[in-house]
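Chemist:
Residue numbers (our numbering): 1252 to 1800.
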């Protein structure tokens, strides 16, 4: 909350502010009370720049955000109630969703199963079809911009950088907005964007939700820019049958990505439990956003009520829009409250890892020359991003092509400390813990974050990084010799190894700290040997790896 008298500000003589729910690059979101209609709402306060021109440009952007969302009527798109100006600031009043963001949900309880992820993907696809049919692009789809209702269904929010084809550009020449790790490569290379660009972001989101790790996560914004533009995505095995879908959506060429109809059929198969999503042929080449027209009519969204047990309990009844402009309404079991003007509540914001993707808000400047290829566009994009990050733009223009690694090149100064998260799967052997190179003398810290696993899904409960209890470990004594990697640690313990460590493999437990005596790769795994020993393993845990150079 704000301090002093700001706690109970009355906006436009009607909306009384309460707790601050979250803050982002475009504005601050507050819990508010609508005194006229006696209901709770969310009020988004636009951040105001000191520059007069910038102030008015941001006001126009906020107005477009409100108009974009207000024209939509879809159960998986946040509803807008009002647009008011107060104390020279613009406020967007929206429904208030009583549920966490998808990013927070993953941070708290770990990645979702492929079928659950696919069910949410179907709902988000329907929301995007409604957005595209309205002549708009969302342009910032990521787990942090997706809220979960009390019934577990998804709501697409934060249209702060949505682009309307029938209005002036939201960004002045040379400005780029969005979250790097979820941003389509054609946006980074100044090429034509359209609905396939949002589908790319949906693919990156599905990968992050099903694995816990964004597919282009890198230790720096510059490295993430390079990865999105040139590198293949990192898609962990735990995404299962979603892998072909994610790979198709993350194709560097927009024309090679599947159509919404093809994607819907594939997601439906996975949501229904199929091991194969079916064919994913590329769609016809897509141009810019078309003028608004009738929304497509896809099949009904997947019902997420079956996953409600995995969703945090909410304090208010869920509300569901009665109609949909792009797909049948979400089907909810039980007795949710139907309200023609639903009110939802958003949980207080945290900053989970999936919400820490670098965000570009590059200053406007003279237009760059039309790029002749991805490599040339990269120079302009990276330069803009580095200007925002406060890094030396000359790094890119003077010292050669960008690298996806943090090598020892003296011309590329590295941050003193890099922090990443890694998901370690129970059904795999040794797995690299970070893409950041570890050099001689580096101080390395590994800390358990979240997740559970087991070495015997049929007979043993899930456990954490310290491994199974002594009693459960004793019950598997017959397999100690054949299946334990570290005989001194219980089955299910998190193990780590690094070249030169005298205690390889090391029982990590909840934390492990060491100083590297030589360069190498840090690897982690469950205490269960490769081969048939891993066949009945289930689950995964996430760790935070910090490297101080």
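A virtual CB, placed ideally from N, CA and C, is assigned to each residue, including glycine.
All figures in this text were calculated on a predicted structure; none of them were measured in a lab.
What does a CB cutoff of less than 7 Å around residue 1528 pick up in its chain, not counting 5 residues either side in sequence?
Modeler: For the purposes of this step, residue 1528 is taken as the residue at position 277 of the chain shown. Only 1492, 1495, 1496, 1517, 1520, 1521 meet the Cβ criterion.
Chemist: By the DSSP assignment, the beta strand (DSSP E) with residue 1293 in it spans what residues?
Modeler: Walking along the chain shown from the start, residue 1293 turns up at place 42. Where residue 1293 is concerned, the enclosing beta strand (DSSP E) stretches over 1290-1297.
Chemist: What is the DSSP secondary structure of residue 1467, counted as helix, strand or coil?
Modeler: Working through the chain shown from its first residue, we reach residue 1467 at position 216. The answer is coil: DSSP assigns residue 1467 none of H, G, I, E or B.
Chemist: Is the separation between the beta-carbon of residue 1773 and that of residue 1759 shorter than 7 Å?
Modeler: Numbered from 1 along the chain shown, position 522 holds the residue referred to as residue 1773. Numbered from 1 along the chain shown, position 508 holds the residue referred to as residue 1759. It is not a contact, given that the beta carbons lie outside the stated cut-off.
Chemist: Return the chain-ordered list of same chain residues with a C-beta closer than 7 Å to the C-beta of residue 1456, the five sequence neighbours on each side being excluded.
Modeler: Taking the chain shown and counting its residues from 1, one reaches residue 1456 at position 205. Closer than 7 Å at the Cβ level, and outside the excluded window around residue 1456, lie 1392, 1393, 1394, 1433.
Chemist: Give me the Cβ distance between residue 1673 and residue 1791, rounded to the nearest whole Å; I'm assuming they're in contact under 8 Å.
Modeler: Taking the first residue of the chain shown as 1, we reach residue 1673 at position 422. Taking the first residue of the chain shown as 1, we reach residue 1791 at position 540. About 10 Å separates the two Cβ atoms, so there is no contact after all.
Chemist: Alpha carbon to alpha carbon, how far is residue 1484 from residue 1478? Give it in angstroms, no decimals.
Modeler: Residue numbering aside, residue 1478 sits at position 227 when the chain shown is read from its first letter. Residue numbering aside, residue 1484 sits at position 233 when the chain shown is read from its first letter. Roughly 8 Å between the two C-alpha positions.
Chemist: Would you check if the distance between the CB atom of residue 1280 and the CB atom of residue 1329 is smaller than 7 Å?
Modeler: Working through the chain shown from its first residue, we reach residue 1280 at position 29. Working through the chain shown from its first residue, we reach residue 1329 at position 78. Going by C-beta atoms, residue 1280 is not nearer than 7 Å to residue 1329.
Chemist: How would you call residue 1762, buried or exposed, if buried means at least 16 neighbouring beta carbons within 10 angstroms?
Modeler: Counting from one through the chain shown, the residue named residue 1762 turns up at place 511. The residue in question, residue 1762, is exposed, as its Cβ has fewer than 16 Cβ neighbours within 10 Å.
Chemist: Using a 10 Å radius around the Cβ and a threshold of 16 neighbouring Cβ atoms, would you call residue 1731 buried or exposed?
Modeler: Indexing the chain shown from 1 puts residue 1731 at position 480. Residue 1731 is exposed by the Cβ-count criterion.
Chemist: Could you check where the beta strand (DSSP E) with residue 1765 kicks off and where it finishes?
Modeler: What you label residue 1765 is simply residue 514 of the chain shown in a count that begins at 1. 1762-1766 is the extent of the beta strand (DSSP E) around residue 1765.
Chemist: Apart from the five residues just before and just after residue 1656, which ones in its own chain have a Cβ nearer than 7 Å to its Cβ?
Modeler: Sequence index remark: in the chain shown, residue 1656 carries index 405 (1-based). For residue 1656, the predicted model reports a pLDDT of 40, less than 50, meaning its position is unreliable and no value from the coordinates is stated.
Chemist: Indicate whether residue 1260 and residue 1272 have their beta-carbon atoms separated by less than 7 Å.
Modeler: Looking up residue 1260 in the chain shown gives position 9. Looking up residue 1272 in the chain shown gives position 21. In this structure, residue 1272 does not lie closer than 7 Å to residue 1260 by Cβ.
Chemist: Whole angstroms is fine: what's the gap from residue 1715's alpha carbon to residue 1362's?
Modeler: Walking along the chain shown from the start, residue 1715 turns up at place 464. Walking along the chain shown from the start, residue 1362 turns up at place 111. Cα-Cα distance, rounded: 15 Å.
Chemist: Of all the options 1711, 1712, 1776, 1764, which has the alpha carbon lying nearest to the alpha carbon of residue 1737?
Modeler: Here residue 1737 corresponds to residue number 486 of the chain shown, with the count starting at 1. Looking at the Cα atoms, 1776 is the closest of the given residues.
Chemist: Whose C-alpha, out of 1474, 1451, 1383, 1743, is nearest the C-alpha of residue 1502?
Modeler: One-based indexing of the chain shown puts residue 1502 at position 251. Nearest option by C-alpha distance: 1451.
Chemist: Alpha carbon to alpha carbon, how far is residue 1439 from residue 1616? Give it in angstroms, no decimals.
Modeler: Here residue 1616 corresponds to residue number 365 of the chain shown, with the count starting at 1. Here residue 1439 corresponds to residue number 188 of the chain shown, with the count starting at 1. Any reading at residue 1616 needs caution, since the residue's pLDDT is 42, under 50, leaving its predicted position unreliable; the model's value is listed next. When rounded, the distance between both Cα atoms is 16 Å.
Chemist: For residue 1435 versus residue 1448, is the C-beta distance shorter than 7 Å?
Modeler: As a first step, residue 1435 is located in the chain shown; it is residue number 184 there, counting from the start. As a first step, residue 1448 is located in the chain shown; it is residue number 197 there, counting from the start. Result yes, Cβ atoms of residue 1435 and residue 1448 sit closer than 7 Å.
Chemist: Once you ignore the five residues that flank residue 1371 on each side, which residues in its own chain have a CB closer than 6 Å to its CB?
Modeler: By one-based count along the chain shown, residue 1371 stands at place 120. Answer for residue 1371: 1405, listed in chain order.
Chemist: With H, G and I counted as helix, E and B as strand and the rest as coil, what does DSSP make of residue 1444?
Modeler: For the purposes of this step, residue 1444 is identified with residue 193 of the chain shown, where counting begins at 1. Three-state DSSP puts residue 1444 in coil, outside helix and strand.
Chemist: Would you mind giving the Cβ-Cβ distance between residue 1705 and residue 1743, rounded to the nearest angstrom? I have them listed as a contact below 8 Å.
Modeler: One-based indexing of the chain shown puts residue 1705 at position 454. One-based indexing of the chain shown puts residue 1743 at position 492. Right, the Cβ-Cβ distance comes to about 6 Å (below 8 Å), so this counts as a contact.
Chemist: Kindly identify the DSSP beta-bridge partner or partners of residue 1406.
Modeler: As a first step, residue 1406 is located in the chain shown; it is residue number 155 there, counting from the start. Paired residue(s): 1398.
Chemist: Measure the C-alpha to C-alpha separation of residue 1291 and residue 1340 and round it to an integer number of angstroms.
Modeler: As a working note, residue 1291 is residue 40 in the chain shown. As a working note, residue 1340 is residue 89 in the chain shown. Going from the Cα of residue 1291 to the Cα of residue 1340 covers about 21 Å.
Chemist: Return yes when the Cβ of residue 1694 is within less than 7 Å of the Cβ of residue 1809, no when it is not.
Modeler: With the chain covering 1252 to 1800 only, the question about residue 1809 has no answer from this structure.
Chemist: Taking the alpha-carbon positions, what's the residue 1355 to residue 1388 distance?
Modeler: Sequence index remark: in the chain shown, residue 1355 carries index 104 (1-based). Sequence index remark: in the chain shown, residue 1388 carries index 137 (1-based). C-alpha separation (whole angstroms): 24 Å.
Chemist: Going by other Cβ atoms of all chains shown within 10 Å of its Cβ, with 16 needed for buried, is residue 1367 buried or exposed?
Modeler: Numbered from 1 along the chain shown, position 116 holds the residue referred to as residue 1367. Counting Cβ neighbours within 10 Å, residue 1367 comes out buried, since at least 16 surround it.
Chemist: Express the C-alpha separation of residue 1498 and residue 1729 in angstroms, rounding to a whole number.
Modeler: The residue given as residue 1729 occupies position 478 in the chain shown. The residue given as residue 1498 occupies position 247 in the chain shown. Going by the C-alpha atoms only, they are around 42 Å apart.
Chemist: Decide if residue 1288 is buried, meaning its Cβ has at least 16 other Cβ atoms within 10 Å, or exposed.
Modeler: Your numbering for residue 1288 matches position 37 in the chain shown. Result: exposed.
Chemist: Using CA atoms only, rank isn't needed, just tell me which of 1681, 1696, 1682 is closest to residue 1670.
Modeler: The residue given as residue 1670 occupies position 419 in the chain shown. Cα-wise, what sits closest to residue 1670 is 1696.
Chemist: Mind checking whether the beta-carbon of residue 1795 lies closer than 6 Å to any heavy atom of the ligand SAM?
Modeler: Only the bare structure without any ligand can be found here, which leaves the ligand SAM out of the picture.
Chemist: If you reduce the DSSP assignment to three classes, tell me which class residue 1352 lands in.
Modeler: As a working mapping, residue 1352 is identified with position 101 in the chain shown. Of the three classes helix, strand and coil, the one that applies to residue 1352 here is strand, per DSSP.
Chemist: Can you tell me whether DSSP reads residue 1724 as helix, strand or coil?
Modeler: Counted from its first residue, the chain shown places residue 1724 at position 473. Note: residue 1724 maps to helix in three-state DSSP.
Chemist: Are there 16 or more other CB atoms within 10 angstroms of the CB of residue 1712, so buried, or fewer, so exposed?
Modeler: Against the chain shown, residue 1712 aligns to sequence position 461. Result: exposed.
Chemist: Between the C-alpha atoms of residue 1599 and residue 1765, what's the straight-line distance to the nearest angstrom?
Modeler: Numbered from its first residue, the chain shown carries residue 1599 at position 348. Numbered from its first residue, the chain shown carries residue 1765 at position 514. Below a pLDDT of 50, predicted positions are generally treated as unreliable, and residue 1599, at 38, falls in that range; the measurement from the model is reported next regardless. C-alpha separation (whole angstroms): 36 Å.
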